[in-house]
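Notes for the one structure printed next.
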């Protein structure tokens, strides 16, 4: 059973703080993703990674960076958190042989005050 | 501008009846379409998918229909059960790893 875990369910940070969101998957998937989910907008892709140390921008990468030093771990970094980054953040992983099915973590609700 | 749209934020259906969830897209280069189901406080879980070269895929009570000329996707659930009550997202794949999601439809199946 594939498991994707995220380091925190809820997080409250102050404007300007550096924020790390961690994601770990246990199925040896090549591909990992970070999305944010906002009401009325669905899930929007921030960054994805197709291999260790490899990353590509999604649709809304501004204000975010990522790190993938190990295959099972994909980190999302907010260099200087802002209030418009208050959102639900979802991590996902995918086997490269599957056409599209992603496995999602439970999400991190981030509030920036 | 959203490339995948779900225009109905909510849908209410009686148990045993058919639920039809709809999704429209704009990019003809999407090559794979998926539906996910999401319960509160959980991440989305994969439900069913369809390749752009097909027009129908069935899995038990769930059937996905693809109308490429209309750029329209639908999910049929027959018969609907109370446990199907959740938010349903449609998604489309572009260029292997880029996925675009709709805003979701909240389905309520009444006993």
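Chains as they are written, first to last, in this note's numbering: chain A, 28 to 140; chain B, 12 to 122.
The beta-carbon is built from N, C-alpha and C at its ideal position, and this holds for glycine as well.
Please report the residue range of the beta strand (DSSP E) in which residue i lies.
i	result
residue 76 of chain A	69-78
residue 29 of chain B	Careful: residue 29 of chain B lies outside any beta strand (DSSP E) and carries neither H nor E.
residue 69 of chain B	67-70
residue 119 of chain B	116-121
Interface residues of chain A around residue i at Cβ under 7 Å?
i	result
residue 114 of chain B	67, 68 and 69
residue 104 of chain B	127
residue 53 of chain B	133
Could you give the DSSP three-state label for residue i: helix, strand or coil?
i	result
residue 95 of chain B	helix
residue 138 of chain A	strand
residue 54 of chain A	coil
residue 81 of chain A	strand
residue 65 of chain A	strand
residue 36 of chain B	strand
residue 111 of chain B	strand
residue 45 of chain A	coil
residue 21 of chain B	strand
residue 130 of chain A	strand
residue 89 of chain B	coil
Find the residues of chain B that neighbour residue i, judging by a C-beta separation of less than 8 Å, and give them in chain order.
i	result
residue 75 of chain A	108 and 109
residue 72 of chain A	109, 110 and 111
residue 58 of chain A	108
residue 38 of chain A	The premise fails here: residue 38 of chain A is roughly 15 Å from chain B at the closest Cβ pair, so nothing lies under 8 Å.
residue 85 of chain A	109
Could you tell me which chain A residues have their CB closer than 9 Å to the CB of residue i, listed as they occur along the chain?
i	result
residue 45 of chain B	126, 127, 128 and 129
Under the DSSP definition of a beta bridge, which residues are partnered with residue i?
i	result
residue 33 of chain A	A:50
residue 78 of chain B	B:83
residue 45 of chain B	B:60 and B:102
residue 87 of chain A	Residue 87 of chain A pairs with nothing; no bridge assigned.
residue 15 of chain B	B:36
For a contact meaning CB atoms closer than 8 Å, what does residue i contact in chain A?
i	result
residue 57 of chain B	128, 129 and 130
residue 62 of chain B	126
residue 73 of chain B	Residues of chain A passing the Cβ test: none, with the nearest at roughly 14 Å.
residue 100 of chain B	69 and 70
Quick one: is the Cβ of residue i within less than 7 Å of any heavy atom of the ligand GDP?
i	result
residue 129 of chain A	In the structure shown, the ligand GDP is absent, as is every other ligand, since no ligand is present at all.
Note down, in chain order, every chain B residue with its Cβ under 7 Å from the Cβ of residue i.
i	result
residue 117 of chain A	54
Counting only runs that start and end within the region 90-123 of chain A, where is the beta strand (DSSP E) found for 3 or more residues in a row?
Counting only runs of 3 or more, we get 91-97, 100-105 and 114-121.
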